[in-house]
Structures are given as C-alpha cells and as structure tokens.
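J.: Let me give you the structure first, and then I'll get to my questions.
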Amino acid sequence: MKNLSSALASEVAKLVSVRLWWVLALIMVGYVAVVAGGLATVFAGIETGKIPGGEAHGLPPGFPLTTTVYSFATSIGYVFPVLLGALAATAEFRYQTLTPTFLADPRRGRVLVAKSLTLTGFGAAYGVIALVGSMAAGGLAIALFGLDPAFLSDEVLTLIWRSIIVMALWAAIGVGLGVLVPSQVAAIVIVLAFTQFVEPLLRTAAGFIDWLEPYGKFLPGSASDALVGSSVFTIMGGSTAQLEWWQGGLVLLGYAVLATVGGFFTSWRRDVT
Amino acid sequence: MTAGVPLHFNALSKRFGDVAAVKDLTFTVEPGRVTGFLGPNGAGKTTTMRMLLGLVTPTAGTATFDGIAYRDLPSPMTTVGAALEAASFHPGRSAFNHLAVYARAAAIPLEAARVALERVGLAEYGSRRVGGYSLGMRQRLGLAFALLGDPGVLVLDEPVNGLDPEGIKWTRGFLRHMADEGRTVMVSSHLLSEVAQSVDEVVVITHGELAHTGPLSSLDMTETREVLVDGPDRGSLQNALTEAGYLVSELRSGLLVSGAEASDVGHVAFAAGVELSALSQKRSGLEDSFLALVGEGGSL
C-alpha cells in the first residue's frame, strides 16, 4: 500500500503541476453557469407567467424546475472530466513521459491504477465545481422569480451526490479512452464527436427505432442520466426506458474498467521506445 | 549513495517484427569505471539500454543489475539513474515539478529534486517551465533526473549530444568523478571522439552485434601510422620517398606516407637534400580502428 500511495502522490503532482486541470474547470463552470442560469430564467419565467409562454406551461410534469436546472452540471458538463482524463493519459504518450514514469515505478499496472483513481478523484471535484456553477447561476435565476431554489431539499441533495459520482466515473472513462487511443488528437476528436454528435443521435434513434430501443439505455450518456436521475435530454427527445440509478452507475463503471483494461493490454504494457 | 553493481547482459536479443535490432549480446559493465557503449546510429544501443531498464521487453536473454531485473529492484531509482533521450518532459511543467513528480513516485524526499538541480547547474531555472529550455538545459535536466536517487549505477544515452564545448567538458569531468566514487557508469555514443577522453572501457556494437569489448587502449589494434609531409619541390620529395621504399600518395595538403615514422621521413628528405615545409605524424589509430570495427556505418 505504501507504493500505491507513492504512485497516487505522483499522479496528483502530475495533474496539479500543469495548467490543464484548472483551465478546463474554469471553462466548465462558466459554460454550465451560463446554460443553467439562462434556461432557469426561461423556465421560471414561463412557470410564473412573467414570460408569456402561450400554450406552454414550463416543464412537463415530473420534471421539477430545480433538479432539471441543476442537472446541467452533468448533462452538459460531463464532457470536461472525460477530456481531463483522456488528456492526462494521452499526455504520457505525447510527451514521452512514460519513460521517466516507468523508470520511477516499473510496476505499470500499479501506475495505471493510480492514474485512474487520481482522475476519479479529480472527476468528483469537477462534479462539485460544476454543481457550484449550475446551482449558483440556476438557483439565483429561480430565486429572482420568487420561486424556491430548494437547495437542501431531498431531491436536490440526492442529485448532488449522484452528480459527483457520475462526474468521477466519467473521468475514469476518459483515462480508459486515453490508454485505448494514445494519440491525443484522435482521443479529443473521439470525445467530442461521440459526446456531442454520435451519442445524441443514437439516443434519439433508439427512441424511434424498435430494434435499437433495448440498447439505448446502455449508452454511456443514458446510463449517466439514469444515475443522476434528471436531465434535460430525457425531456427533449426519445425518452427511452431508463436503467435504475445504480444500474446506470454500474454501466458507467463497466465502460471505465473495460476501456482501461483494454488500454493496459494494447498500449500501456507495450515497449516504450 | 548506493553501491555500484555490475551490469550483466546475457545473450540479449530483440526483434521488432522482421528487424533484428539486437542480436545475442553478452558483456559485463563493471563498477568504478566509465564504460563507453559505442556504435553507429541504429546499431541497437538505445534498444539495449531500454531493455536493461525494463522499458523494452527482450525477445530472448536477460539484462540485469548483478542478477536482478530492473522491475524486480526493491528501489529502482536509488539503485539506477538513467537519462535517455532529451525529449521526455511535459513542456508545461517546471523543472523542479518534473523531478518532484518522479521523486514522489519513487518515495524519494523532495529535497533530492532541489539537490539534483543544483548538481547540474539548473538551480536558478528550477521554477521555469521546461518548454522554454534549450537542448543543453534539457540534457542537464535529464541528468538531474538520473541523479534523483543518488544511485550507484548511471545509464546515460548520448549525454553529450547537443551540448556546447563547455557542457561536454563538464559532463566528461562529471562522469569521471562518478566512476571514481565507485559507481557503475555506462555511456552510449555514436562518436568515439566524444567519449574517448573520459572512458576506461569500451563496448562496441554494430548492426546489433557485439564487435569489440575491452579497455579503451585495446581498441588501438591497427599499427597503420601515417606521415603527412610537404616541401616546395614536391616532385623531388616524392621521388626520394618512393626510392626509399615508401608508399606515397599525393593530397592537396601534401604527401601522405603510409607505414612511416616522422623521423624516418625527415631523414630521407635530409639525405636527399630536399627542403621540407611540413612534417607531421598522423595518429588516428583509435578512430581508425573504431571505424574499421563498425564498418561503413561509422562514417555517419
């Protein structure tokens, strides 16, 4: 255990000694706050009648304003921990720092476990930061319309801890992707293309195409929403059947473990030349 | 400092696909000496060192630290210090943090990072990001990484490559000092001239195979001595030398006399009454026999 703690200390030092983590966190919190604040204004405005909504009555039943707005932390913020994990892993290949890394600790499996655990921790921290953004901006907008931001309600507290878990798991998935696809450019392209385009398309398709429908809920984004329990995407389109929240967590964990173990055998264990 | 241990390379081989990079290498590197690991570019030097350090898995054979493989060393960084190519840095990380990251992984006190920077003369640049470092500074930082654990064995791949003359001189003195302290020092180079002044032993490989091993002096096997001579009347000089039985060839700078001593050539000219403007002995035995060993690749 002493050696794992050394490996963990080294991985934490790697992350905090370059600017990436706080630059990404800053962009994430800004993005989440703007979207959550903006849409909270719209929804709250419609709900209170201060913005004329015509036929619309705000959010559909079963989607409380608070949790829906606060869940922007994960529903749009999850790409940031994935990027952090993928960039942290691929940087080792890109800058050839695997050489000093494996010289300092030749037990490669231990190094990868330490990296994965470290990024999981940073992912959880990203969860906290993203929630600060969505709850501060969204809660403020809700309160300005005279509604209750309900920061301490049971629903919101549940959302908070599940959001933190989900962001932690996404960072671990990022590490797995990074060792599976060691090319940094390719990894970034895959993250952005999959999260912003391929997966939303598949989820929508699964809502309309019968034979796809049973698989839609196993997509990482669906599993993520199932775990958080609330997402604007489940309102928007093809609301397919969802997993239980804990099943969603297990599916995400499965993706992370599969990708990381796969990457261990395909890239991490290979000759460092 | 930990004690220097011998490095044993035993029937070490590596294939990359169809290419046999290293073939059946067997030799030993002893502590207390500076061993030059020589060969032309592409001879397999880096691959051999990376196999020793557990970064590349051998196809066959072993490379050990007195019988223990790198990954089985109880404390690798305090046993062995290695500096491979000069590019293994995250450009956005400061030099001190670069060392601190690996000191933590190896459970070495962070103070060692400061000491190592001081030792290679980078103390005042420690907080600067490595992206702004010159090649010479990166070489020094690589050396600082090798020194982090104050190890008894140093394995350095082309450590003087890209250094200015002052840096080369400093590195030579440094290697000498390390070996005098009883450490095992293995230094690779593709140029004999770079290391000839500082190595005690040489291991020469070419095309992945062992070509020669022994003390530096053992490399000087050929006795081809040459004299460069010139005079105002080059024709008469050439006649006199040819008559005396020497093999003479004409260069732009004078006449090259094979298998001769300068004193003999001078005597022949004096006896023939030919005036000389230049007379010098060429002593390139070491470099010549090195080039002969490594073949055409050595001219690279």
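Heads up: the protein sequence lines correspond to chains E and R, in order. All residue numbers in the first sequence are consecutive under the working numbering, ending with 766. All residue numbers in the second sequence are consecutive under the working numbering, ending with 1271. All C-beta atoms in this analysis are idealised placements derived from N, C-alpha and C, irrespective of residue type, glycine included.
(1) Is there a C-beta anywhere in chain R that falls below 8 Å from the one on residue 606 of chain E?
(2) Quick one: which chain E residues come within Cβ less than 7 Å of residue 1116 of chain R?
(3) Along the stretch 507–531 of chain E, where does the CB come closer than 7 Å to a CB of chain R? Name the residues.
(4) Residue 1013 of chain R touches chain E at which residues, Cβ-Cβ below 8 Å?
(5) Is it buried or exposed, residue 1073 of chain R, if we count other Cβ atoms within 10 angstroms and call 16 or more buried?
(6) Taking its Cβ as the centre, do 16 or more other Cβ atoms sit within 10 Å of residue 916 of chain R, making it buried, or is it exposed?
(7) DSSP on residue 979 of chain R, reduced to helix/strand/coil?
(8) What residue range is occupied by the uninterrupted beta strand (DSSP E) comprising residue 1082 of chain R?
(9) Apart from the five residues on each side of it in sequence, which residues of its chain come closer than 6 Å, Cβ to Cβ, to residue 628 of chain E?
(10) So, using beta-carbon positions, are residue 1006 of chain R and residue 1157 of chain R closer together than 8 Å?
(11) For residue 1118 of chain R and residue 659 of chain E, I'd like the C-alpha separation in whole angstroms.
(12) Check the C-beta distance from residue 671 of chain E over to residue 581 of chain E and give it rounded, since I have them as a contact under 8 Å.
(13) Could you list which residues in chain R have their beta carbon closer than 9 Å to that of residue 766 of chain E, in chain order?
(14) Put residue 731 of chain E into one of helix, strand or coil per three-state DSSP.
(15) Kindly indicate if chain E contains any beta-carbon less than 8 Å away from that of residue 1041 of chain R.
(16) If we define contact as Cβ-Cβ less than 8 Å, is residue 1072 of chain R a contact residue for chain E?
(17) Beta-carbon within less than 6 Å of residue 489 of chain E's beta-carbon, same chain only, minus the 5 sequence neighbours each way: which residues are those?
(18) Leaving aside the five residues before and after residue 621 of chain E along the sequence, list all residues of the same chain whose C-beta is less than 8 Å from its C-beta, in chain order.
(19) With burial defined as no fewer than 16 other Cβ atoms inside 10 Å of the residue's Cβ, what is the status of residue 985 of chain R: buried or exposed?
(20) Can you find a C-beta in chain R that's less than 8 Å from the C-beta of residue 610 of chain E?
(21) So residue 646 of chain E contacts chain R; which residues on that side make the cut at Cβ distance below 9 Å?
(22) Of all the beta strand (DSSP E) runs that stay within the bounds of the stretch 573–606 of chain E, which reach a length of 3 or more residues?
(23) Taking CB distances under 8 Å as the criterion, tell me whether residue 499 of chain E reaches chain R.
(24) Could you give the DSSP three-state label for residue 1037 of chain R: helix, strand or coil?
(25) Who are residue 1148 of chain R's beta bridge partners in DSSP?
(26) Could you say if the stretch 527–537 of chain E and the stretch 632–652 of chain E meet the contact criterion of at least three C-beta pairs nearer than 8 Å?
(27) Along chain E, in chain order, which residues have C-beta atoms closer than 8 Å to that of residue 1055 of chain R?
(28) Any Cβ of chain R within less than 8 Å of the Cβ of residue 584 of chain E?
(29) Can the beta-carbon of residue 1063 of chain R be found less than 8 Å from the beta-carbon of residue 1106 of chain R?
(30) Reducing DSSP to helix, strand and coil, say where residue 1066 of chain R ends up.
(31) Note down the Cα distance separating residue 731 of chain E from residue 560 of chain E, rounded to an integer number of angstroms.
(32) Does any residue of chain R have a CB that is nearer than 8 Å to the CB of residue 731 of chain E?
(33) What are the residues of the stretch 671–683 of chain E that lie near chain R, defined by any Cβ-Cβ distance shorter than 7 Å?
(34) In whole angstroms, give me the CA-to-CA distance for residue 748 of chain E and residue 688 of chain E.
(35) Considering only the alpha carbon of each residue, which of E:584, E:669, E:567 and E:761 lies closest to residue 654 of chain E?
(36) Taking the alpha carbon of residue 1207 of chain R as the reference point, which residue from R:1239, R:1114 and R:1004 has its own alpha carbon closest?
T.: Result, derived from the coordinates:
(1) In the first sequence, counting from the first residue as 1, residue 606 of chain E sits at position 113. No - not a single Cβ of chain R is within 8 Å of the one on residue 606 of chain E.
(2) Looking up residue 1116 of chain R in the second sequence gives position 145. Within 7 Å Cβ-Cβ: 593.
(3) 507, 510, 511 and 512
(4) On the second sequence, residue 1013 of chain R is found 42 positions in, with the first residue counted as 1. Within 8 Å Cβ-Cβ: nothing; residue 1013 of chain R doesn't reach chain E, min ~13 Å.
(5) For this step, residue 1073 of chain R is matched to residue 102 along the second sequence. Buried: at least 16 other Cβ atoms inside 10 Å.
(6) No information on residue 916 of chain R is available, as it lies outside the stretch 972 to 1271 that chain R covers here.
(7) In the second sequence, residue 979 of chain R corresponds to position 8, counting from 1. Reduced to three states, the DSSP call for residue 979 of chain R is strand.
(8) Counting from 1 along the second sequence, the entry for residue 1082 of chain R is found at position 111. No beta strand (DSSP E) holds residue 1082 of chain R; the alpha helix (DSSP H) holding it covers 1082–1090.
(9) Sequence index remark: in the first sequence, residue 628 of chain E carries index 135 (1-based). The residues are 563.
(10) Residue mapping note: residue 1006 of chain R aligns to position 35 of the second sequence, counting from 1. Residue mapping note: residue 1157 of chain R aligns to position 186 of the second sequence, counting from 1. Yes, they are a contact pair.
(11) As a working mapping, residue 1118 of chain R is identified with position 147 in the second sequence. As a working mapping, residue 659 of chain E is identified with position 166 in the first sequence. The alpha-carbon atoms of residue 1118 of chain R and residue 659 of chain E are separated by roughly 42 Å.
(12) Numbered from its first residue, the first sequence carries residue 671 of chain E at position 178. Numbered from its first residue, the first sequence carries residue 581 of chain E at position 88. Between residue 581 of chain E and residue 671 of chain E the Cβ distance is about 7 Å, and since that is below 8 Å, they are a contact.
(13) One-based indexing of the first sequence puts residue 766 of chain E at position 273. Ordered by position in chain R, the residues that pass the 9 Å Cβ test against residue 766 of chain E are 987, 1017, 1018, 1021, 1026 and 1027.
(14) As a position in the first sequence, residue 731 of chain E is number 238, starting the count at 1. Note that residue 731 of chain E scores a pLDDT of 48, beneath 50, so its modelled location is shaky and nothing firm can be said.
(15) For the purposes of this step, residue 1041 of chain R is taken as the residue at position 70 of the second sequence. Closer than 8 Å: yes.
(16) Walking along the second sequence from the start, residue 1072 of chain R turns up at place 101. Interface residue, yes.
(17) Any answer about residue 489 of chain E is impossible in this case: the structure gives chain E only from 494 up to 766.
(18) Taking the first sequence and counting its residues from 1, one reaches residue 621 of chain E at position 128. For residue 621 of chain E, where only same-chain residues beyond five positions count, the Cβ hits under 8 Å are 657.
(19) Working through the second sequence from its first residue, we reach residue 985 of chain R at position 14. Buried.
(20) Numbered from its first residue, the first sequence carries residue 610 of chain E at position 117. Answer no: the Cβ-Cβ gap between residue 610 of chain E and chain R never drops below 8 Å.
(21) Residue mapping note: residue 646 of chain E aligns to position 153 of the first sequence, counting from 1. Those do not exist, as residue 646 of chain E stays about 42 Å from chain R at its closest Cβ, beyond 9 Å.
(22) none
(23) Reading the first sequence from its first residue, position 6 is the one you call residue 499 of chain E. Taking Cβ atoms only, chain R reaches closer than 8 Å to residue 499 of chain E, which makes this a yes.
(24) What you label residue 1037 of chain R is simply residue 66 of the second sequence in a count that begins at 1. If DSSP states are grouped into helix, strand and coil, residue 1037 of chain R belongs with coil.
(25) What you label residue 1148 of chain R is simply residue 177 of the second sequence in a count that begins at 1. Answer is none; residue 1148 of chain R lacks a bridge partner.
(26) yes
(27) Residue mapping note: residue 1055 of chain R aligns to position 84 of the second sequence, counting from 1. Here the neighbours are 592.
(28) For the purposes of this step, residue 584 of chain E is taken as the residue at position 91 of the first sequence. So, interface residue.
(29) The count along the second sequence starts at 1 and reaches residue 1063 of chain R at position 92. The count along the second sequence starts at 1 and reaches residue 1106 of chain R at position 135. Result no, Cβ atoms of residue 1063 of chain R and residue 1106 of chain R do not sit closer than 8 Å.
(30) Taking the second sequence and counting its residues from 1, one reaches residue 1066 of chain R at position 95. If DSSP states are grouped into helix, strand and coil, residue 1066 of chain R belongs with the helices.
(31) Numbered from its first residue, the first sequence carries residue 731 of chain E at position 238. Numbered from its first residue, the first sequence carries residue 560 of chain E at position 67. Here residue 731 of chain E scores only 48 on pLDDT, less than 50, and its place in the model should not be relied on; the value that follows carries that caveat. Spanning the two alpha carbons is a distance of roughly 20 Å.
(32) As a working mapping, residue 731 of chain E is identified with position 238 in the first sequence. Here residue 731 of chain E scores only 48 on pLDDT, less than 50, and its place in the model is too uncertain to base an answer on.
(33) none
(34) As a position in the first sequence, residue 748 of chain E is number 255, starting the count at 1. As a position in the first sequence, residue 688 of chain E is number 195, starting the count at 1. The alpha-carbon atoms of residue 748 of chain E and residue 688 of chain E are separated by roughly 14 Å.
(35) Reading the first sequence from its first residue, position 161 is the one you call residue 654 of chain E. Looking at the Cα atoms, E:567 is the closest of the given residues.
(36) Sequence index remark: in the second sequence, residue 1207 of chain R carries index 236 (1-based). Considering only alpha carbons, the answer is R:1239.
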